[in-house]
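A short worksheet on the structure shown next.
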Amino acid sequence: LTPWELRGLLERIFECYPVQEGAELSIEIDPAVTTAEHLSELRALGFNRLSIGVQDFSEEVQDAVGRYQGASVTYETYTEARELGFGSINVDLMYGLPKQTIAHVTRSVDRVIDMGVDRVAVFGYAHVPWLKPHQRRLEIYGLPDSQTRWLMSEAAREKLLDAGYVAIGMDHFAKPNDEIVAAYKHGRLNRNFQGYTVMNTTDLLGLGAPAISDISGTYLQNRVRLGDYMSAVENGRFATVKGVRRSADDNLRSWLIKSIMCHLRIDYDDAHARFGVNVPKDFADALAQLAPLEDDGVVKRLDDALVVTEPGRLLVRNVASAFDAYLDSRSPAESQFSKAI
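Below is the structure:
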């Protein structure tokens, strides 16, 4: 979209969904296609937070994944955004990419620290060619093994902590004065489809194909193919094709999983106060699945809580998966480890 097309689209959306004064407006941008004019229009429309996707600054790694985004372009975009008054800027990095080494990861983290970004997300590349066939072509370059991926994650983590950033949840880091740090420390951190947030979100409306919405206790998905989505909208039909209303058990398990992912613990008294459950008794099977992770020091079972240890942050998804009723009953340590690392 040109800057003016972007403005037209957003103005139309804001006509349908008025923005409250003081609202947080965030958008993810690609420096390779985002111009100063785009940023200016976004700022004029009230956007105050940016997310910049980087993955890795190395040209060798970018060439392997087909992403061409020079470091200078990213710096220019970041500087322009700061000058325009964007209050918070975060950068997304990845480890486990084709041709990537631990040195590549640490150099990328160093550059992000030097830039002074407010928040940093460090994600592991998910290689799922059975879901995304185009990823098979990346295998010719070789992919880091699980041990190397672990070392990459730990190297990035140590760099960011040494630079003064605070670890948030599974894979996020923020400066100490960031509001998300206060939310984390006071137990107010939340999580939705968009990631971690300080807002106690209720409804989430997804626009476009194949966006997912979370409205009034129901998950909804729009049509997957763009042509089908456009046809439905242009002919005045709903673009939503499927949905599922969450049960009471779904809501309980959602809270348990969010507690693990946001606060690295499940407080048994809190769970009882909210849902009337006795976690050690009612979820004995789930806790039993975590025995291998407990033996490895990933979790601790206390009298009043289940706690993820500091070294266990990278395996938070494994811990949370034990409470997911829609996964198989195998031990998370056995069935999910390779996917998490």
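Here the sequence shown stands for residues 14 to 354, where the numbers follow the working numbering. Glycine included, every Cβ here is placed at the ideal spot set by N, Cα and C.
Report the residue from the options whose alpha carbon sits nearest the alpha carbon of residue i.
i	options	result
D358	K294, G221, A176	In the structure displayed, the chain extends from 14 to 354; residue 358 sits before or after that span and is not available.
T48	L233, W268, R266, Y88	Y88
E307	N291, V332, V290, V292	V332
R170	F60, P189, D184	D184
P44	Y91, G129, V74	Y91
H199	S272, D216, L328, Q160	S272
G240	V211, G256, G221	G221
V46	Y30, V32, E28, L14	L14
A261	G310, A338, A297	A338
V329	L23, D282, V292, I181	I181
F99	V122, R124, S64, D76	S64
L156	H147, K112, I126, D191	K112
A84	T114, D76, R124, I115	R124
D69	A301, T322, V122	V122
E34	Y281, I42, L58	L58
In terms of residues, what are the limits of the beta strand (DSSP E) holding residue i?
i	result
H140	Looking at the DSSP string, H140 is not in any beta strand (DSSP E), and its letter there is neither H nor E.
T87	Segment 84-97 is the alpha helix (DSSP H) holding T87; no beta strand (DSSP E) there.
R258	253-258
R204	203-205
Q234	231-235
M165	Counting along the chain, M165 falls outside any beta strand (DSSP E), though it belongs to the alpha helix (DSSP H) covering 159-175.
M183	First-last for M183: undefined, no H or E at that position.
Write down the C-beta distance between residue i and residue j rounded to the nearest angstrom, noting that I regard them as a contact closer than 8 Å.
i	j	result
N235	P223	5 Å
A176	R132	Their Cβ separation, rounded to whole angstroms, is 13 Å, which puts A176 and R132 out of contact at 8 Å.
V67	V104	5 Å
V74	L110	5 Å
S9	L218	Outside the modelled stretch of the chain, which goes from 14 to 354, sits residue 9, for which no answer is possible.
Are the Cβ atoms of residue i and residue j separated by less than 7 Å?
i	j	result
E54	R20	yes
L164	C275	no
A284	A335	no
S101	R56	no
V290	L303	no
T215	L233	no
Y108	S159	no
L364	V135	Absent from the structure is residue 364, since the part of the chain shown begins at 14 and ends at 354.
R278	A318	yes
A94	L52	yes
A168	V130	no
I40	F60	yes
R150	P142	no
V179	A196	no
Need the endpoints of the alpha helix (DSSP H) that residue i sits in, please.
i	result
E34	No alpha helix (DSSP H) contains E34, which DSSP labels as neither H nor E.
L1	Summary: the structure shown does not reach residue 1, with the chain confined to residues 14 through 354, and so no result is reported for it.
N264	261-276
R287	281-288
D298	297-302
V194	192-198
L55	49-57
T210	Unbroken run through T210 is the beta strand (DSSP E), 208-210; no alpha helix (DSSP H).
D76	72-78
(request) Tell me, please, whether the segment 266-283 touches the segment 238-258 by the rule of three or more beta-carbon pairs shorter than 8 Å. (result) no
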